[in-house]
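Trainee: Protein sequences, first through last, are from chains A and B. Position 51 (the first sequence) corresponds to 60 in the working numbering; numbering is contiguous. Position 4 (the second sequence) corresponds to 5 in the working numbering; numbering is contiguous. The beta carbon of each residue, even a glycine, is placed where N, CA and C say it ideally should be.
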Amino acid sequence: AQSVTQPDIHITVSEGASLELRCNYSYGATPYLFWYVQSPGQGLQLLLKYFSGDTLVQGIKGFEAEFKRSQSSFNLRKPSVHWSDAAEYFCAVGGAESGGGADGLTFGKGTHLIIQP
Amino acid sequence: DAGVIQSPRHEVTEMGQEVTLRCKPISGHNSLFWYRQTMMRGLELLIYFNNNVPIDDSGMPEDRFSAKMPNASFSTLKIQPSEPRDSAVYFCASSLRGLSEAFFGQGTRLTVV
């Protein structure tokens, strides 16, 4: 069964500092990996995704993530955070269903990012 | 495109009543997912459809929950009868053939009193 672990429930970072959110996954085949962000009262917005190819992927809002197969990890990074980055961040894993559709994403429990002024 | 559209945004109902949540996926997407989000359990996949056919409903908590997708542009999630422990935010998401990148609606916040 597929699973995602986000070991940090809360992270507090000073504005302007760098950020790394951790994600470890378990998936039986080649994984598709995602990071989503959720602001209070909102739905989930896709930040970035990894399907194949270059293991360092760039996303929106200055975020990037690196896929490390040997460590089953897909950590999210940003060199300098802004107060507007305060939100809930979710890592997810999924794949392509054999019938050509998509199987459902499995999400981690999320990391709540707090930005200190 | 307007994205995934869910209605209502908020629903308050009394225990025992029937609740129906609605979802319009992005046009052209062939996979549709229903998720439930709670503080305790996070985001849980309830059921998903490919080409309007239910593929995996193992996440549906019990028989009180049912989902339908009568056509490519509409899906419903029904809870009958509702219970206070069903209170949560329910998200609908859709994706394109062969990929898992899911686009989420704004969610329906359900409160059962």
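Exposed or buried, which one is ASP138(A) when buried takes at least 16 other CB atoms within 10 Å?
Mentor: Since the displayed chain A opens at 10 and closes at 126, residue 138(A) lies outside it and no answer follows.
Trainee: To the nearest angstrom, how far is it from the Cα of PRO49(A) to the Cα of VAL114(B)?
Mentor: In the first sequence, residue 49(A) corresponds to position 40, counting from 1. In the second sequence, residue 114(B) corresponds to position 113, counting from 1. Approximately 23 Å, taken between the alpha carbons.
Trainee: Using the Cα positions of MET61(B) and SER95(B), report the straight-line distance between them to the nearest angstrom.
Mentor: Residue 61(B) sits at position 60 when you count from the first residue of the second sequence. Residue 95(B) sits at position 94 when you count from the first residue of the second sequence. Those two C-alpha atoms are separated by around 18 Å.
Trainee: On a CA-only basis, which of GLY43(B), VAL54(B), GLY108(B), SER76(B) is nearest GLY121(A)? Give me that one, please.
Mentor: The residue labelled residue 121(A) in the question sits at position 112 within the first sequence. Reading off the sequence, residue 121(A) comes out as His, not Gly. Closest by alpha carbon: GLY43(B).
Trainee: Helix, strand or coil for GLY109(A), going by three-state DSSP, please let me know.
Mentor: Along the first sequence, read from residue 1 onward, the residue named residue 109(A) stands at position 100. At GLY109(A) the pLDDT is 45, less than 50, meaning the model places this residue with poor confidence; the figure from the coordinates comes in the next sentence. If DSSP states are grouped into helix, strand and coil, GLY109(A) belongs with coil.
Trainee: Let me know the secondary structure DSSP gives GLY71(A) once reduced to three states.
Mentor: Taking the first residue of the first sequence as 1, we reach residue 71(A) at position 62. In the structure shown, GLY71(A) sits in a helix (DSSP, three-state: H, G or I).
Trainee: In three-state DSSP terms, what is SER96(B)?
Mentor: Working through the second sequence from its first residue, we reach residue 96(B) at position 95. Strand, per DSSP.
Trainee: Within 10 angstroms of its Cβ, does ALA40(B) collect 16 or more other Cβ (buried), or is it exposed?
Mentor: The residue you call residue 40(B) lines up with position 39 of the second sequence. At residue 40(B) the sequence reads Met, which differs from the Ala that was named. By the neighbour-count rule (16 or more Cβ atoms within 10 Å), MET40(B) is not buried but exposed.
Trainee: Between the stretch 66 to 80 of chain B and the stretch 24 to 40 of chain B, do at least 3 Cβ pairs fall closer than 8 Å?
Mentor: As far as the Cβ criterion goes, the stretch 66 to 80 of chain B touches the stretch 24 to 40 of chain B, which means the pair count is three or higher.
Trainee: Measuring alpha carbon to alpha carbon, tell me which of SER61(A), LEU56(A), GLN11(A) ends up nearest GLN67(A).
Mentor: Counting from one through the first sequence, the residue named residue 67(A) turns up at place 58. If we check each option's Cα against that of GLN67(A), LEU56(A) comes out closest.
Trainee: Does the Cβ of LEU53(A) have 16 or more other Cβ atoms within 10 Å, making it buried, or fewer, making it exposed?
Mentor: For the purposes of this step, residue 53(A) is taken as the residue at position 44 of the first sequence. Burial call: buried.
Trainee: Ignoring anything shorter than 3 residues, give me the beta strand (DSSP E) runs that lie fully in the stretch 9 to 94 of chain B, in order along the chain.
Mentor: With a minimum length of 3 residues, the continuous beta strand (DSSP E) runs that stay inside the stretch 9 to 94 of chain B are 11 to 14, 20 to 25, 32 to 39, 43 to 51, 54 to 57, 66 to 72, 75 to 80.
Trainee: Between which residues of its own chain and VAL54(B) is the CB-CB distance below 6 Å, once the five residues before and five after are set aside?
Mentor: Taking the second sequence and counting its residues from 1, the one referred to as residue 54(B) is at position 53. Answer for VAL54(B): no residue qualifies.
Trainee: Using 8 Å for Cβ pairs, my map puts VAL90(B) next to GLN7(B). What's the rounded Cβ distance?
Mentor: For the purposes of this step, residue 90(B) is taken as the residue at position 89 of the second sequence. For the purposes of this step, residue 7(B) is taken as the residue at position 6 of the second sequence. Not a contact, Cβ separation roughly 10 Å.
Trainee: Counting only runs that start and end within the stretch 34 to 70 of chain A, where is the beta strand (DSSP E) found for 3 or more residues in a row?
Mentor: Those beta strand (DSSP E) runs which fall completely within the stretch 34 to 70 of chain A and span 3+ residues are 41 to 47, 53 to 59, 65 to 67.
Trainee: Under 8 Å, Cβ to Cβ, is there at least one residue of chain B near PHE72(A)?
Mentor: What you label residue 72(A) is simply residue 63 of the first sequence in a count that begins at 1. No, PHE72(A) does not count as interfacial toward chain B.
Trainee: Considering only heavy atoms of the ligand NAD, does any lie closer than 7 Å to the CB of HIS19(A)?
Mentor: As presented, the structure is devoid of all ligands, the ligand NAD included, so that no description of it is given.
Trainee: Identify the continuous beta strand (DSSP E) that holds ILE2(A) and give its terminal residues.
Mentor: Residue 2(A) lies beyond the residue range present for chain A, which begins at 10 and ends at 126; the question has no answer from this structure.
Trainee: Taking 8 Å as the cut-off, decide whether the C-beta atoms of PRO71(B) and MET16(B) are in contact.
Mentor: Start at 1 with the first residue of the second sequence, and residue 71(B) comes out as number 70. Start at 1 with the first residue of the second sequence, and residue 16(B) comes out as number 15. No, these two residues do not count as a Cβ contact at 8 Å.
Trainee: So, at 7 Å on beta carbons, what are the nonlocal neighbours of SER35(A) in its own chain, with the 5 sequence-adjacent residues on each side left out?
Mentor: Counting from one through the first sequence, the residue named residue 35(A) turns up at place 26. Correct list, in chain order: GLN11, SER12, SER81.
Trainee: When burial is assigned at 16 or more other CB atoms within 10 Å of the CB, is ALA26(A) buried or exposed?
Mentor: Counting from one through the first sequence, the residue named residue 26(A) turns up at place 17. Exposed: under 16 other Cβ atoms inside 10 Å.
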